[in-house]
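Colleague: Below you'll find the structure I mean.
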Amino acid sequence: MFETIEKEVVKNKQFLSDVLKGLSAETKHISSKYFYDKKGDEIFQQIMHMDEYYLTNAELDIFKSNKCEIAKIFSPDKEAFNLIEFGAGDGLKTKILLKELLNHEIPFDYVPVDISQNALDQLNSSLKEEMPNLSFQGIQGDYFEVLSRLKESNGKRNVVLFLGSNIGNFTNEEALAFTSDIGTKLNAGDLLLIGVDLKKDPRKILLAYNDPKGITAEFNYNLLRRINRELGGNFNIDTFEHHPTYDPVTGECKSALLSNIEQEVVIDDETFHFAQWEAIHTEISRKYSVKQLHKLARKSGFSIKADLFDTNQYFVDSIWEISP
Ligand SMILES: C[S@@+](CC[C@H](N)C(=O)[O-])C[C@H]1O[C@@H](n2cnc3c(N)ncnc32)[C@H](O)[C@@H]1O
0 MFETIEKEVV KNKQFLSDVL KGLSAETKHI SSKYFYDKKG DEIFQQIMHM DEYYLTNAEL
60 DIFKSNKCEI AKIFSPDKEA FNLIEFGAGD GLKTKILLKE LLNHEIPFDY VPVDISQNAL
120 DQLNSSLKEE MPNLSFQGIQ GDYFEVLSRL KESNGKRNVV LFLGSNIGNF TNEEALAFTS
180 DIGTKLNAGD LLLIGVDLKK DPRKILLAYN DPKGITAEFN YNLLRRINRE LGGNFNIDTF
240 EHHPTYDPVT GECKSALLSN IEQEVVIDDE TFHFAQWEAI HTEISRKYSV KQLHKLARKS
300 GFSIKADLFD TNQYFVDSIW EISP
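According to numbering that gives the first Met the number 0, the residues represented by the sequence shown are 0 to 323, in order.
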């Protein structure tokens with residue numbers, strides 16, 4: 000009980016210090032990892048079910064059509080392994096693969112990692128109900144913290160999943176640092192399956208982050224609401240506007256919240272001045288070409304074992320192995 004309260008206090012301290020630092024920067028910014036509190040998780044579920052958010056259906060299509068092939072690549076001789084998933088969320092797509100592995104009686108332990116305790120709790124109870132024979136152990140934390148523990152595995156091979164184009168939330172440098180770091184923590188024979196949204200019609204991409212019903216806008220506003228709720232901020236949400244943009248040259252889809260008036264906002268006794276139309280950068284969702292993705296794989300020490308595409312070629316799940 001005390002341990003849980005202590006963990007919450009540490010988490011809130013980190014949240015507060017990141018928000019104060021981000022809003023003091025020349026270009027105001029807050030990390031997208033703070034989108035995911037209980038309310039944020041709920042809104043993200045709605046986003047996943049929106050027609051405009053094609054990413055979910057595309058990756059579902061890949062998992063449904065290729066579950067058998069993926070299971071074979073992960074464990075050709077039914078050898079035991081750890082299946083570690085970074086940013087597992089509700090596990091919608093992963094569950095297709097988990098069921099396939101169980102059906103083939105392949106021995107594995109599932110380790111979902113997520114920053115949101117709420118997402119993990121929900122995944123936990125749904126897995127217990129839907130797959131009572133599954134061996135799993137969720138870990139709450141930031142990918143980067145948990146990454147350092149990868150080497151302490153139980154002697155079994157590690158297979159890492161990073162779905163939903165979460166890699167797109169990193170800048171080029173961060174993406175390379177992340178995949179390289181995973182590479183150094185894996186051993187020969189270990190694998191990384193990475194789900195990536197591909198460059199396509201810019202209008203289709205932008206609509207996924209700017210739906211007419213305003214669900215993606217609400218997802219962004221919840222970040223300010225969360226600061227008000229958890230850090231005692233006084234953001235007036237009505238004075239901020241959701242502003243996503245997509246640049247086909249860089250492949251970066253960026254979300255920002257714009258202050259539509261000049262104003263001051265107070266958080267934890269610190270005052271932040273906003274000029275009219277000044278932005279808080281909240282999220283980057285970078286789109287890749289297959290060529291860029293393969294370059295990332297090679298630069299971070301992997302070779303490509305398979306590329307699995309959806310019917311529309313919107314998305315790729317690329318399976319990488321450590322280069323010998
Ligand atoms: C865009 S959702 C994708 C969920 C799932 N992978 C999918 O494809 O449907 C991102 C998930 O990653 C988690 N997440 C975001 N940033 C994280 C971080 N830095 N460390 C750990 N989890 C993170 C969120 O809580 C959320 O559940």
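Idealized CB from N, CA, C, for every residue including glycine.
Quick one: does the C-beta of residue 176 sit closer than 7 Å to a heavy atom of ligand 1?
Modeller: False, no ligand heavy atom lies under 7 Å from that Cβ.
Colleague: Can you determine whether any heavy atom of ligand 1 sits closer than 7 Å to the C-beta of residue 94, and answer yes or no?
Modeller: no
Colleague: Taking a contact to mean a Cβ-Cβ separation below 8 Å, would you say residue 149 touches residue 135 in this structure?
Modeller: The answer is no: Cβ separation not under 8 Å.
Colleague: List the endpoints of the continuous alpha helix (DSSP H) containing residue 65.
Modeller: 53 to 73
Colleague: By Cβ distance below 6 Å, which residues in the same chain neighbour residue 263 in space, the five residues on each side in sequence not counted?
Modeller: 270, 272
Colleague: Quick one: does residue 198 have its CB under 8 Å from some CB of chain C?
Modeller: No chain C appears in the structure shown, which is made up of a single protein chain.
Colleague: Report all residues from its chain with a CB closer than 8 Å to the CB of residue 334; omit the five preceding and five following residues, and keep chain order.
Modeller: Absent from the model: residue 334. The displayed extent of the chain is 0 to 323, so no value can be given.
Colleague: Since residue 95 and residue 63 are thought to touch, with beta carbons under 8 Å apart, how far apart are those beta carbons, to the nearest angstrom?
Modeller: 6 Å
Colleague: The alpha helix (DSSP H) that contains residue 293, what's its start and end?
Modeller: 289 to 298
Colleague: Sorted by chain position, which residues of the same chain lie with C-beta nearer than 8 Å to residue 99's C-beta, five sequence neighbours on each side aside?
Modeller: 66, 67, 69, 70
Colleague: Less than 8 Å between the beta carbons of residue 239 and residue 258, yes or no?
Modeller: In this structure, residue 258 lies closer than 8 Å to residue 239 by Cβ.
Colleague: Of the residues 176, 41, 73, which one's Cα is nearest the Cα of residue 188?
Modeller: 73
Colleague: CB-CB under 7 Å to residue 295, same chain, minus the five flanking residues each way: which ones, in chain order?
Modeller: 174, 175, 178
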